[in-house]
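*Asks:*
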Ligand SMILES: Cc1ncc(C[n+]2csc(CCOP(=O)(O)OP(=O)(O)O)c2C)c(N)n1
Ligand code: SF4
Ligand SMILES: [Mg+2]
């Protein structure tokens with residue numbers, strides 16, 4: 003959709019701790035279809051970064067290919083971004099993070115980008131526990147190539163052409179939990195009260211944070227019979243709300259015993275999770291899998307922070323990388339010089 | 002029988018069974034000759050197999066310092082019954098054949114025109130060593146000992162080498178030395194030693210060889226050192242023969258030289274990726290983010306990296322790729338050498354792409370060109386593909402020592418830092434400010450409000466704003482072509498040598514030869530052989546693509562130009578035809594694509610044959626000299 007964004011900014015827009023207004027986290031005007039779920043995710047990422055007072059230029063946005071992967075243009079215009087190749091965002095993000103471990107990495111992908119062509123890289127990214135936030139805008143179809151079923155389309159979901167999908171869909175959130183992702187969430191593009199704190203928590207988490215966001219495609223997958231339309235999704239949501247309290251803020255709200263679980267992240271931020279089921283512990287992988295599977299069996303889509311291991315070791319720790327970003331090292335640190343080379347020569351005689 | 006004679010000039014080939022420990026014994030043999038100061042070039046000719054299949058090790062000794070394959074075998078050491086028939090057949094008339102005579106030689110393997118040397122290797126080892134594994138391993142040492150006597154290898158050098166190799170493991174040293182001595186003694190007592198082909202320390206070795214203190218190293222190790230010295234910090238890869246040892250060596254050296262002194266942590270990252278797509282993706286991500294990053298691969302991996310190479314070309318991301326060529330697909334001949342990825346590299350990927358290629362011909366060039374590749378990648382903001390091959394990468398080559406200039410500074414190219422961004426009036430990622438097609442880039446995180454841009458393929462304008470306008474696209478890809486033109490002045494120039502004087506020229510035609518990489522050494526030798534026969538051939542060794550203007554000139558200046566390369570389709574010839582303004586009929590291919598490196602004799606033979614049949618059809622272009 004093309005429209006002119008108003009240039010005028012309200013002088014009294016609230017600012018965050020860094021003095022930025024939310025407009026400082028804006029990107030270019032979206033060219034996605036009006037009503038596309040992806041635009042709501044862009045807005046949620048923008049709001050989350052504003053609320054958490056992250057330096058825009060210290061964030062790098064990386065994506066694959068698809069309508070969803072275009073999203074990084076539409077938020078954080080002061081951040082570098084990279085629209086890479088279809089299904090391979092994980093490797094580009096890995097390389098970028100190895101080069102400079104000090105930036106915050108946000109990856110945006112689609113269900114086609116991640117669950118089909120990019121499945122291999124996705125699994126291996128989880129395995130390496132790269133410190134990044136990975137958001138899949140999941141619409142059950144290939145938007146950009148005009149509505150083919152994707153691998154996350156549910157069994158029996160009817161495409162726009164009228165065909166029922168004969169295959170079981172891949173549940174990326176379950177897969178991520180199973181493969182050992184250290185942070186797994188699920189949400190709905192239409193639920194910003196849940197999505198925004200979830201993204202904030204993901205970005206504060208040190209390690210791989212995955213969020214599967216149901217994000218309806220209004221053009222190709224929002225009709226009756228589709229299981230990923232706005233109305234179907236709303237009807238089946240089972241929402242576990244959460245609050246994210248950054249490390250610097252004091253905790254004001256009081257929570258009821260039993261249904262609330264608090265998790266402290268490595269930087270001191272705290273996440274408060276509110277659940278209907280008191281036996282579910284989101285820091286226990288088996289319990290999380292059980293809750294997700296049970297909801298699925300009952301036709302519900304469980305959303306919220308599904309699993310979290312706040313003490314996970316990320317890639318940089320696991321490979322013993324030095325703390326200074328590799329892209330800052332110069333000749334003195336990197337080049338051993340002629341004396342060393344002469345001794346190497348000596349060993350080859 | 003007329004026996005082959007020669008001091009410091011012969012070819013010995015060892016026929017072994019893969020996985021029996023022969024490699025280190027054969028290496029010991031070659032290294033001892035090297036230590037004697039005599040030019041030697043060993044080559045492993047091995048199957049895609051871990052254990053059981055035939056494998057060969059060919060050692061060329063050349064007083065003149067020819068390091069390419071000569072062709073032909075003067076002495077065969079055969080300890081593999083599987084291949085014995087073909088091994089006997091491959092010996093030159095007048096040559097020598099050493100074998101294990103624990104079992105008598107079959108009648109049909111006896112030739113009247115070669116000399117046989119039976120050594121009861123198995124029997125001696127069974128008698129002498131108790132453990133079966135040792136019996137097998139030390140058999141190799143026994144034949145090396147026998148060869149030392151037959152060829153007059155300095156025995157104390159062999160002992161020194163064993164001492165170095167097994168430092169501190171006295172038991173191993175003594176059993177190995179014992180095996181060597183057994184072989185040595187048996188040969189001296191049984192045969193007339195040394196043979197008419199033999200070694201002589203300080204003998205007739207060419208003066209230019211004696212000038213520098215040579216080293217013996219393979220191209221992959223040299224490339225890995227180049228990556229260390231060139232400041233590479235990120236290596237992402239997926240194992241594939243014959244490139245694997247590049248990253249293995251990088252890892253070995255990095256663990257020694259790149260550990261942060263204070264913390265013991267690493268100033269480098271090596272990731273074994275899930276496949277080559279991911280490996281290249283990581284290199285692209287790291288290059289985009291300002292680290293010097295590289296990967297190493299071979300043919301099939303190059304195919305998989307192709308999409309990312311296209312993105313890196315259009316998105317202008319520095320990338321270094323070391324492609325160690327082999328023959329064809331994975332079930333082709335993965336352990337055999339070729340130069341057959343020339344076109345796949347030069348035009349890697351979709352759309353209008355042209356990639357910068359470097360062609361090293363020696364380990365020293367592998368080292369220097371890898372360092373240079375990082376500078377070029379940063380300077381040109383594009384992938385740089387170094388085209389090595391199995392022969393260069395995995396075999397040991399005698400080479401002048403590696404040299405390092407401590408005043409070297411990395412060329413990080415046009416990257417604006419925060420200060421420079423503040424000073425710049427306007428900045429657009431794809432604005433060609435300097436007219437050389439190379440624009441100024443910025444790194445993520447550099448400046449709070451300036452220099453951020455969105456990297457994409459080609460749907461963008463000069464300011465990096467999304468655009469699908471035809472004129473923006475055309476402007477962009479035309480600029481990329483301009484950049485490729487600029488690259489010509491940065492990449493290594495071709496090498497030429499003064500022509501060899503020929504007394505009685507056999508032809509009036511002006512002859513030229515073009516070659517690159519591992520075809521160079523045997524080509525130079527072939528040219529010298531042909532000079533003695535009355536053919537004067539000028540040479541040019543291509544070292545990079547895009548081609549330098551002097552290549553056009555060279556072709557223009559000659560009537561017949563031989564393009565010597567190791568693939569079926571004459572890929573370099575095709576690339577030249579595509580890129581240069583020349584008459585294709587001038588270029589005659591001289592090819593070898595059997596998987597074993599091209600030989601000087603084969604090159605000379607093909608050129609001789611062409612010249613004896615073709616000249617009438619060719620009208621000299623320069624009648625005044627004709
Ligand atoms: C290698 C390759 N194959 C195919 C395509 C074509 N293609 C572009 S987007 C897309 C699917 C995107 O689907 P998804 O990731 O779900 O994103 P959405 O558009 O639905 O947000 C495909 C197949 C491509 N760009 N590259
Ligand atoms: S096609 Fe679908 S996914 Fe793509 S922009 Fe339109 S609504 Fe969104
Ligand atoms: Mg989709």
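Chains as they are written, first to last, in our numbering: chain F, 3 to 351; chain D, 2 to 627.
For glycine and all other residues, C-beta sits at the position ideal for the given N, C-alpha and C.
#1: Quick check for students: name the residue ranges of the alpha helix (DSSP H) that lie wholly in the segment 18-87 of chain F, counting only runs of 4 or more.
#2: Kindly give me the distance between the Cβ atoms of residue 206 (chain D) and residue 331 (chain D), rounded to whole angstroms, as I take these residues to be in contact under 8 Å.
#3: Going by the CB atoms, is the gap between residue 523 (chain D) and residue 601 (chain D) shorter than 8 Å?
#4: What residue from D:533, D:81, D:289, D:297 has the CA that sits closest to residue 277 (chain D)'s CA?
#5: Check whether the Cβ atoms of residue 203 (chain D) and residue 370 (chain D) lie closer than 8 Å to each other.
#6: With three or more C-beta pairs closer than 8 Å as the rule, is the segment 319-332 of chain F touching the segment 84-101 of chain F?
#7: Does the beta carbon of residue 17 (chain D) sit closer than 8 Å to a beta carbon anywhere in chain F?
#8: With a threshold of 8 Å between beta carbons, is residue 118 (chain F) in contact with chain D?
#9: Cβ closer than 8 Å: which chain D residues qualify as neighbours of residue 80 (chain F)?
#10: How would you call residue 31 (chain D), buried or exposed, if buried means at least 16 neighbouring beta carbons within 10 angstroms?
#11: Would you call residue 498 (chain D) buried or exposed, if buried means 16 or more other Cβ atoms sit within 10 Å of its Cβ?
#12: Could you check the C-alpha separation between residue 339 (chain D) and residue 462 (chain D) for me, to the nearest Å?
#13: The alpha helix (DSSP H) with residue 577 (chain D) in it runs from where to where?
#14: Against chain D, with Cβ distances strictly below 8 Å, would residue 196 (chain F) count as a contact?
#15: Judging by CA-CA distance, which residue of F:344, F:338, F:351, F:349 is the nearest neighbour of residue 409 (chain D)?
#16: Once DSSP output is grouped into helix, strand and coil, what is the label at residue 213 (chain F)?
#17: Using the Cβ count rule (16 or more neighbours within 10 Å means buried), how would you classify residue 240 (chain D)?
#18: Between the segment 334-346 of chain F and chain D, which residues of the former have CB atoms less than 9 Å from a CB of the latter, in chain order?
#19: Between residue 589 (chain D) and ligand 1, is there a pair consisting of the residue's CB and a ligand heavy atom that are separated by less than 7 Å?
#20: Note down the Cα distance separating residue 210 (chain F) from residue 135 (chain F), rounded to an integer number of angstroms.
#21: Given this structure, state the Cα-to-Cα distance separating residue 358 (chain D) from residue 545 (chain D), to the nearest angstrom.
#22: From which residue to which residue does the alpha helix (DSSP H) around residue 232 (chain F) run?
#23: Quick one: what's got a C-beta closer than 6 Å to residue 235 (chain D)'s C-beta in the same chain, skipping five residues either side?
#24: So which residues on chain F does residue 268 (chain D) lean against when the C-beta distance must stay under 9 Å?
#25: Say whether the segment 335-350 of chain F touches the segment 110-120 of chain F, bearing in mind that this needs 3 or more beta-carbon pairs closer than 8 Å, one atom from each stretch.
#26: Throw me the rounded Cβ distance for the residue 427 (chain F) and residue 43 (chain F) pair, which I believe falls under 8 Å.
#27: Comparing C-alpha positions only, which one of D:609, D:492, D:261 sits nearest to residue 384 (chain D)?
#28: Is residue 348 (chain D) near ligand 1, in the sense that its beta carbon is under 7 Å from a heavy atom of that ligand?
#29: Report the partner residues of residue 538 (chain D) according to the DSSP bridge assignment.
#30: To the nearest angstrom, report how far apart residue 3 (chain F) and residue 76 (chain F) are at their CA atoms.
#31: Taking 8 Å as the threshold, find out whether the segment 301-318 of chain F comes into contact with the segment 194-214 of chain F through three or more Cβ pairs.
#32: When you measure from the CB of residue 222 (chain F) to every non-hydrogen atom of ligand 2, does any distance come out below 7 Å?
#33: Which residues of the segment 286-298 of chain D have a Cβ closer than 9 Å to any Cβ of chain F? Give them in chain order.
#34: Is it buried or exposed for residue 128 (chain D), if we count other Cβ within 10 angstroms and need 16 for buried?
#35: For residue 5 (chain D), verify whether its CB is less than 7 Å away from any heavy atom of ligand 5.
#36: Interface residues of chain D around residue 135 (chain F) at Cβ under 7 Å?
*Replies:* From the atom records:
#1: 39-53, 69-72
#2: Contact doesn't hold; Cβ gap of about 42 Å is too wide.
#3: yes
#4: D:297
#5: no
#6: yes
#7: no
#8: no
#9: 449, 450, 453
#10: buried
#11: exposed
#12: 41 Å
#13: 572-580
#14: no
#15: F:338
#16: strand
#17: exposed
#18: 335, 336, 337, 338, 339, 340, 341, 342, 343, 344, 346
#19: no
#20: 6 Å
#21: 5 Å
#22: 232-238
#23: 270, 287, 292, 294
#24: 323, 324, 326, 328, 331, 335, 336
#25: no
#26: Residue 427 (chain F) is absent from the model: chain F starts at 3 and stops at 351.
#27: D:492
#28: no
#29: D:512
#30: Only weak support exists for where residue 3 (chain F) lies, its pLDDT of 41 falling under 50; the coordinates are left without a value.
#31: yes
#32: yes
#33: 286, 287, 288, 289, 290, 291, 292, 293, 294
#34: exposed
#35: The model depicted lacks ligand 5 and carries ligand 1, ligand 2 and ligand 3 instead.
#36: Result: empty, since nearest Cβ-Cβ is about 15 Å, beyond 7 Å.
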